[in-house]
Amino acid sequence: MLTSCGKSSPAWQVLKGNLSYRRGLYQKAILSYQTARDSLETDKDIVQYNLGNVFYALGEGKAALQTWELAEKNAVDADILFRTAFNRGVVYLNLGQYDNAFLSFKRALEINPGDTDAKINLEDALLRISSDETRTGEMPEIHISKSQSLLLDYIKRKEMEEWTAPENESIENVEDW
90 MLTSCGKSSP AWQVLKGNLS YRRGLYQKAI LSYQTARDSL ETDKDIVQYN
140 LGNVFYALGE GKAALQTWEL AEKNAVDADI LFRTAFNRGV VYLNLGQYDN
190 AFLSFKRALE INPGDTDAKI NLEDALLRIS SDETRTGEMP EIHISKSQSL
240 LLDYIKRKEM EEWTAPENES IENVEDW
């Protein structure tokens, strides 16, 4: 992981890039991340992931996809693998490439099966694929079997139970702020 934080170190450049990104100074963030990437031996996946996020924030979805692909090729960290797959799914949804979105969210869930947002987005991609099929009359590349549909319904019910269960619990001893 990025450890040294001297002003010329790659870790410092990543921190500068993160700060610039949060402030909306995307060009400065890109320069900082590129400087860090060019001087790193390892952990390039983190920098590539961050660069992809900047490109996405700039509205450059295709550049973000390419950059996240590079991050995924170099990644050893499951968190980076999950985040790149998830973010690619979001971009594909926005581009109307629902089959690719489905595959990306499926990959994200293979890495982190408990992520609710990935589950919701996977279902959204499936619904959009089904909607496209009924509008165009074409057969999509990805077919939803009855068992997959039942599984999605089951997951949806379980997720709703998880979200509604705490509302039913009593909170007698909690002081009001």
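Here the working numbering = 1-based position in the sequence shown + 89.
Quick reminder that beta carbons are idealized off the backbone N, C-alpha and C, glycines included.
As the structure is a computational prediction, the values presented were derived from the model and not from experiment.
Contacts around residue i, its chain only, beta-carbon distance under 6 Å, and the 5 residues preceding and following it disregarded
| i | result |
| --- | --- |
| S128 | P99 |
| G152 | Looking at the sequence shown, residue 152 is not Gly but Ala. Counting only Cβ-Cβ distances below 6 Å, and skipping sequence neighbours, we find F144. |
| A164 | D134 and L170 |
| A125 | P99, Q102, V103 and V136 |
Chain-order list of residues whose beta-carbon lies under 8 Å from that of residue i (same chain, five-residue window excluded)
| i | result |
| --- | --- |
| W157 | Q137, Y138, G141, T173, N176 and R177 |
| W266 | Because the pLDDT at W266 is just 45, under 50, the model does not fix this residue reliably, and the value given afterwards should be weighed accordingly. Around W266: no qualifying Cβ. |
Under 8 Å between C-beta atoms of residue i and residue j
| i | j | result |
| --- | --- | --- |
| L198 | A207 | yes |
| Y115 | A160 | no |
| S250 | T205 | One detail in the question is off: residue 250 reads as Glu in this sequence, not Ser. No; because the gap between Cβ atoms is not below 8 Å, this pair is not in contact. |
Whole-number beta carbon distance between residue j and residue i, since they are thought to touch under 8 Å
| i | j | result |
| --- | --- | --- |
| V180 | L154 | 6 Å |
Contact set for residue i: own chain, Cβ-Cβ below 7 Å, skip 5 residues either direction
| i | result |
| --- | --- |
| G150 | V180, N183 and L184 |
| K117 | S109 |
Worksheet item: Considering only residues of the region 129–184, which uninterrupted alpha helix (DSSP H) runs meet the minimum length of 4 residues and lie entirely inside it, listed in chain order?
Response: Fully enclosed alpha helix (DSSP H) runs of 4 or longer: 133–146, 150–163 and 167–184.
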